[in-house]
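Working notes, structure below.
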Amino acid sequence: MNYKNYRNIEIVFDHPFILINGDNGAGKTNLIDAVHYLCICKSYFTRQDDVIVHHKENFFRLDGDFDSGEENFSITCKYQKDKKKEFFKNDLLYDKLSEHVGLIPVVMIAPGDIEIINGGSEERRRFIDAAIAQIDHAYLRFVIEYNKILAQRNSLLKQFYLNGRNDDTLMNVLNNQLAERGNKIYARRKKFIDDFKADFITLYKLFSSDAEHPDLKYESQLTEHDHLNLLLHSKKQDAESQRTTFGIHKDDLKFSVDSFALKESGSQGQIKSFLIALKLVLAKMMYNTTQKKPILLLDDVF
């Protein structure tokens, strides 16, 4: 109800493979995005819930009945502008949205995925974080806590700069908290890429010339340095810039084919093959890890 261009609609997906056809602007993408929202508590296309609400309304509601093969359950999302959104499983309210993530594994493939290749490092961190969060609840908690502590540390650095006065005791507490979460995030990201890589290379070669050699590399300052030491050694630099200049929030993924950076040298065909392989291997990893078949949403792929 009131989700993007849909005022009130009920649709039954009664087959494992569903093809949605319609005119441009009919709402095909909005429909599969509503499914994505119910699975992972957010839209795939925007982080602003306000813009999702139907024009001239101040709320939206989504209801979905799911059959995982092991259990049947209903999921409800209620959102009202200027209020906290709520998620329910079988009419029971989740205390935290993070408790729901991973219940219904989902992978979306959409034209905007090209930003994973061409966008800034934050796009690639968002990709890997969203992927791991669906198979590792602890990881999602560490990321949420890390970002909260990082914001506190950056705020403290700004206060120090404005006041001309430091509180080393408080900063040391934040440094230790940040490093503890950062080390755990780094270890899980590294393991994820290590486990992901071989299957990705194999699948990519099915889409392209077998002579091509794709690669993805996880780059992190923690590969060669201890997280806490990085924070301590960057004390002066952080104070001058009023932000945390080192840490896992600077991590990146490097994509290449035949040792050439995909972002600079990749053809449209190589980029498309790379992205589809990324997403399909992710779906395979989700199943292998959770024994739950993920929902695969394809938006204008061909």
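Heads up, my numbering is the position in the sequence shown plus 12, with the first residue counted as 1. The beta-carbon is built from N, C-alpha and C at its ideal position, and this holds for glycine as well.
Span separating the alpha-carbon of residue i from that of residue j
i: I44; j: A142; result: 18 Å
i: K209; j: L294; result: 10 Å
i: G281; j: Y216; result: 11 Å
i: L104; j: I144; result: 26 Å
i: N36; j: K202; result: 41 Å
i: E22; j: K291; result: 29 Å
i: T181; j: I205; result: 36 Å
i: I285; j: E82; result: The question names Ile, yet the displayed sequence has Ser at residue 285. So the two alpha carbons sit approximately 33 Å from each other.
i: M297; j: Y230; result: 17 Å
Contact set for residue i: own chain, Cβ-Cβ below 6 Å, skip 5 residues either direction
i: Q189; result: I161
i: E135; result: E127 and I128
i: S110; result: L152
i: N102; result: F85 and S86
Cutoff 8 Å; reference residue i; Cβ partners in own chain excluding five residues on either side
i: G194; result: Y158, L234, H239, G259 and I260
i: I288; result: I121, F219 and V313
i: E224; result: Y216, K217, V269, D270 and Q282
i: N187; result: R165, L240, L243 and L244
i: G39; result: K16, N17 and Y18
i: F212; result: P226, L228, A289, L290 and V293
Contact belief for residue i with residue j at Cβ below 8 Å, rounded distance in angstroms
i: H66; j: K108; result: Their Cβ separation, rounded to whole angstroms, is 27 Å, which puts H66 and K108 out of contact at 8 Å.
i: I116; j: C53; result: The Cβ separation is near 10 Å, so there is no contact.
i: L74; j: Y49; result: 6 Å
i: L265; j: I140; result: 7 Å
Boundaries of the alpha helix (DSSP H) in which residue i is found, first to last residue
i: T302; result: Q280 to T302
i: L190; result: D180 to F219
Other residues of its chain near residue i: CB distance less than 7 Å, five sequence neighbours each side excluded
i: F154; result: R193, K196 and I197
i: D250; result: L169, T256 and T257
i: T301; result: I147
i: K97; result: D61, C89, K90 and Y91
i: A334; result: An answer regarding residue 334 cannot be provided, because it is not within the stretch 13 to 314 covered by the chain.
i: L308; result: V119 and A295
Start and end residues, beta strand (DSSP E) containing residue i
i: Q92; result: N84 to Q92
i: K101; result: E98 to K101
i: L308; result: I307 to L310
i: D45; result: Here D45 belongs to no beta strand (DSSP E); instead the alpha helix (DSSP H) covers K40 to I52.
i: R153; result: Looking at the DSSP string, R153 is not in any beta strand (DSSP E); the run it does join, the alpha helix (DSSP H), is H149 to N175.
i: L115; result: That residue, L115, is in no beta strand (DSSP E); it is neither H nor E in DSSP.
Proximity to residue i [Cα-Cα], best of the options
i: R165; options: L243, L310 and I21; result: L243
i: H27; options: E276, D227 and D79; result: D79
i: K95; options: F72, I87 and N102; result: F72
i: Q92; options: F29, V119, M13 and F139; result: M13
i: K305; options: I147, N184 and L274; result: I147
i: D125; options: T214, E252, A199 and T58; result: T58
i: S133; options: P226, S232 and G39; result: S232
i: R19; options: I64, P226 and Y56; result: I64
i: S246; options: Y49, M183, N42 and A150; result: M183
Residue i CB to nearest heavy atom of the ligand FMN below 8 Å
i: N36; result: Here there are no bound small molecules, and the ligand FMN is not part of this structure.
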